[in-house]
Amino acid sequence: MNRDDIQSRLAEGDRLLLDGATGSELQRRGVNVSKGVTSEGGLGAWSATAMGDAPDLVREVHEDYLREGADIITTNSFWTNRERLGMVGLADRMEAYTHLAAEIACEARDRLNPEAYVAGSMAPPGWGDLTKEFTDQSAVLAAGGVDIILLEYVGSVADCVQAVEAASRTGLPIFLGLKHVTLEGTNSAGETFEQLARALEDHRVDAILPMCSRPEEISAALPMLRAAFDGPVGAYANIGYNQSSERPEFPKRQWHVIETDDYPPDRYAEFARVWLDMGAQIIGGCCATGPEHIAALRPVVKGLEKEKA
1 MNRDDIQSRL AEGDRLLLDG ATGSELQRRG VNVSKGVTSE GGLGAWSATA
51 MGDAPDLVRE VHEDYLREGA DIITTNSFWT NRERLGMVGL ADRMEAYTHL
101 AAEIACEARD RLNPEAYVAG SMAPPGWGDL TKEFTDQSAV LAAGGVDIIL
151 LEYVGSVADC VQAVEAASRT GLPIFLGLKH VTLEGTNSAG ETFEQLARAL
201 EDHRVDAILP MCSRPEEISA ALPMLRAAFD GPVGAYANIG YNQSSERPEF
251 PKRQWHVIET DDYPPDRYAE FARVWLDMGA QIIGGCCATG PEHIAALRPV
301 VKGLEKEKA
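For the record, in the sequence shown the residue sitting at position 1 is 1 according to my numbering, with numbers rising by one throughout.
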């Protein structure tokens, strides 16, 4: 293993390329990520079920991002918690699926680029005991060999603090992914980044990244986040992954539809240039981005354009 300490690299100003989406990319490759959808139209276990149905495709997604130059790949454990897996009768598979997600990502990394990092992904279950779920799931991810705990899709300040406290027990670096930031420069609960930064003053957070928001929303939020938080920041946007107007009917139709015409790879890379100018150090893609978007980001994030010039 030749990986340098990621906290030191960020402190030195390094820019790191995060991978793109996993769940929507699995959907693109034919995996049913709509299991457990409720009669009211709520999303079920999403990509968590791929750990049982399509682990080889999960591995392929990681490999494709590594081949495009990703410095950080993300485990397919976003919702492998008990609550979400319980929607499809698999609550008892939390440990097995979470560990497998870490194992597959680490194996792909070790084989293709030992200097890359594996981020162990976790998102709030939406109900139940967030602290217990995050404590248990992060412990499994740490045992599986991940380098970072990536807390994804976190909304309110209270949830951010609760998630960070739970994940801190692993002793691993923590990245915090803020969902649905707004054009007004607030989190999804309408709270300011100043409120978030104050609440996290006594907690170690190694980077904060607005995520699962439109590129324009991230562009509006990043300067305010950068002003409030004195640690590294980054970004990874949702470029067109929304609920279908029709009920899922796999394989004909899934809960989400993928519509990326507004943000082809070259245009997404233009947003990345702006984010870098705003001080972002970690840039990748969220929902609907794929390896082609990471390929377009690589020369921007790694400064290869300047070398060619």
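Backbone N, C-alpha and C fix where the C-beta goes; we use that ideal spot for every residue, glycine too.
For residue i and residue j, what's the separation of their Cα atoms in angstroms?
| i | j | result |
| --- | --- | --- |
| residue 188 | residue 234 | 17 Å |
| residue 286 | residue 292 | 13 Å |
| residue 314 | residue 12 | This structure does not reach residue 314, given that the chain is present from 1 up to 309, and the question cannot be answered. |
| residue 231 | residue 106 | 27 Å |
| residue 303 | residue 178 | 26 Å |
| residue 247 | residue 254 | 8 Å |
| residue 294 | residue 229 | 26 Å |
| residue 108 | residue 172 | 20 Å |
| residue 309 | residue 299 | The predicted position of residue 309 is uncertain, since its pLDDT is 43 and thus under 50; a value taken from the coordinates is nonetheless stated next. About 12 Å. |
| residue 214 | residue 267 | 13 Å |
| residue 301 | residue 226 | 18 Å |
| residue 70 | residue 280 | 16 Å |
| residue 113 | residue 239 | 27 Å |
| residue 160 | residue 126 | 13 Å |
| residue 15 | residue 68 | 16 Å |
| residue 34 | residue 144 | 26 Å |
| residue 20 | residue 9 | 21 Å |
| residue 1 | residue 40 | With a pLDDT of 46 at residue 1, under the threshold of 50, the predicted position of this residue should be treated as unreliable, and no value is reported. |
| residue 277 | residue 269 | 13 Å |
| residue 296 | residue 265 | 6 Å |
| residue 56 | residue 64 | 12 Å |
| residue 184 | residue 195 | 14 Å |
| residue 110 | residue 129 | 34 Å |
| residue 310 | residue 62 | For residue 310 there is no data in the structure shown, the boundaries of the chain being 1 and 309. |
| residue 273 | residue 22 | 23 Å |
When the distance is taken between beta carbons, is residue j closer than 8 Å to residue i?
| i | j | result |
| --- | --- | --- |
| residue 25 | residue 290 | yes |
| residue 199 | residue 157 | yes |
| residue 118 | residue 174 | no |
| residue 123 | residue 152 | yes |
| residue 18 | residue 282 | yes |
| residue 6 | residue 58 | no |
| residue 182 | residue 217 | yes |
| residue 141 | residue 75 | yes |
| residue 93 | residue 120 | no |
Please determine, among the options, the residue with the shortest C-alpha to C-alpha distance to residue i.
| i | options | result |
| --- | --- | --- |
| residue 83 | 105, 116, 75 and 45 | 45 |
| residue 86 | 225, 254 and 48 | 48 |
| residue 97 | 110, 138 and 61 | 138 |
| residue 90 | 140, 60, 199 and 36 | 36 |
| residue 101 | 81, 115 and 114 | 81 |
| residue 168 | 59, 66 and 149 | 149 |
| residue 115 | 270, 3, 280 and 267 | 3 |
| residue 275 | 63, 220 and 92 | 220 |
| residue 205 | 140, 92 and 166 | 166 |
| residue 245 | 271, 202 and 256 | 256 |
| residue 211 | 194, 154 and 201 | 154 |
| residue 191 | 203, 224 and 170 | 224 |
| residue 262 | 288, 31, 203 and 30 | 288 |
| residue 133 | 63, 163 and 120 | 163 |
| residue 271 | 250, 243, 260 and 236 | 236 |
Please list the segments of the beta strand (DSSP E) lying wholly inside the stretch 170-249, counting only runs of 3 or more residues, in order along the chain. 174-179, 207-211, 234-237 and 241-243
Identify every run of the alpha helix (DSSP H) within the stretch 61-116, keeping only runs that are complete inside it and at least 4 residues long; order them along the chain. 82-86 and 94-112
Counting only runs of 4+ residues fully inside the stretch 7-52, write out the alpha helix (DSSP H) ranges in chain order. 23-28
As an exercise, report each continuous alpha helix (DSSP H) stretch of at least 4 residues that is fully enclosed by the stretch 121-150, in chain order. 130-143
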